[in-house]
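This report refers to the structure that appears directly beneath it.
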Amino acid sequence: MEYKTQVRAGEGQQDILITRVFELPVELLFKAHTEADIVAQWMNTKVLQLENKRHGSWQYETSDPQGNVVFRANGVFHEFEPPAKITRTFEMENTPFPVQLEFLTFTALTDETSQLDMQIIFKSAAFRDQMLKMPFAYGLNMAHNKLEALLRKN
Amino acid sequence: MNLRRDVFQAIADPTRRSILLLVATHSMTAGAIAANFDTARPTVSKHLQILTECELLKQEQSGREVYYHINAKKMKEVADFIEPFRKIWDDRFNKLEAIMKNYKPKK
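First to last, the protein sequences are chains R and B.
The working numbering puts the first residue of the first sequence at 249, with every later residue one more than the last.
The working numbering puts the first residue of the second sequence at 6, with every later residue one more than the last.
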């Protein structure tokens, strides 16, 4: 099956570009990023805090089925302009990874379709590569069999 | 007796994944790694042993200390990892799209 999501990570660059077209009006695409209970569903995490405003903060926490916290991340919104733009920081807690900077751009294509462009900037190209090499860093909540299938394909 | 451990079994455990994240950017001693967990030191040692056996971690002797670091060779090339990364985001976005297609505004 063809993926609808494109990812570009240029050699030696320190960023990742993620692009996706949705069959959703841009307002709904934006809303999916701002309502805590909706974010919790598609990000598969608990949303501890989500202050949708400039200088507001956010925090996610993910636990394994036994209830142990396996992932916690937080950050601050620097720009919050519905339904077009979110600029935020992303910090994974209890890891040595430096803070990342994320630019999310929401564009209406038609009344019923929209595009999300996400640029993630890392402290260095080396940190970006390190992060990419560990897909489980982004999907700690993934079921093991899912993760295994993912890795076996490569 | 050193059973050859399976990489997937190794990363199935959340503590072991956390250990990999910890040493991802710089090598650490067993003590320094254990200090990050509430688990008993022997448990952390066991995790380190498993990760070393499946070659995700490498040991390096430096004076009296043994440092653990990520085995870069075992970790694949970046290009190989863009696909899993893309798959993670594609799954998330598919879910987002499905949820929002059924979205009913709150009253």
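No residue lacks a Cβ here, since even glycine has one placed at the ideal position from N, Cα and C.
Since residue i meets chain B, which of its residues come closer than 8 Å, beta carbon to beta carbon?
i: R:Tyr251; result: Arg91, Lys92, Asp95
i: R:Val318; result: Pro19, Arg22, Ser23
List, in order along the chain, the chain R residues whose C-beta lies closer than 8 Å to that of residue i?
i: B:His31; result: Pro344
i: B:Glu102; result: Phe270, Glu271, Leu272
i: B:Leu61; result: Neighbours of B:Leu61 on chain R: none; closest Cβ ~10 Å, over 8 Å.
Taking 8 Å as the CB-CB cut-off, is residue i touching chain R?
i: B:Ser23; result: yes
i: B:Lys51; result: no
i: B:Leu56; result: no
i: B:Asn41; result: yes
Considering only heavy atoms of the ligand ZN, does any lie closer than 7 Å to the CB of residue i?
i: R:Ala284; result: Here there are no bound small molecules, and the ligand ZN is not part of this structure.
Can you check whether the C-beta of residue i is within less than 8 Å of a C-beta belonging to chain B?
i: R:Leu357; result: no
i: R:Asp312; result: yes
i: R:Ala332; result: no
i: R:Leu277; result: yes
i: R:Ile368; result: no
Closest by CA to residue i, which one among the options?
i: R:Phe270; options: R:Pro330, R:Thr358, R:Leu380; result: R:Thr358
i: R:Met340; options: R:Thr253, R:Glu299, R:Leu349; result: R:Leu349
i: R:Val324; options: R:Thr343, R:His303, R:Val255, R:Pro330; result: R:His303
i: B:Glu70; options: B:Met33, B:Leu56, B:Cys59; result: B:Met33
Does DSSP put residue i in a helix, in a strand, or in coil?
i: R:Lys301; result: coil
i: B:Leu61; result: coil
i: B:Ser23; result: helix
i: B:His52; result: helix
i: R:Gly260; result: coil
i: R:Val274; result: helix
Using a cut-off of 7 Å between C-beta atoms, extract the partners of residue i located in chain B.
i: R:Gln378; result: Ala29, Thr30
i: R:Ala288; result: Chain B residues near R:Ala288: none, gap ~10 Å exceeds 7 Å.
Assign residue i to buried or exposed, taking buried as 16 or more other Cβ atoms, counted over all protein chains shown, within 10 Å of its Cβ.
i: R:Gln297; result: exposed
i: R:Gln235; result: Any property of residue 235 of chain R remains undetermined from this structure, which presents chain R solely from 249 to 402.
i: B:Asp95; result: buried
i: B:Ala29; result: buried
i: B:Thr48; result: exposed
i: B:Arg21; result: buried
In chain R, which residues lie less than 7 Å from residue i when you measure between Cβ atoms?
i: B:Asn76; result: Simply none; closest approach about 11 Å.
i: B:Ile87; result: Val255, Ala257, Leu380
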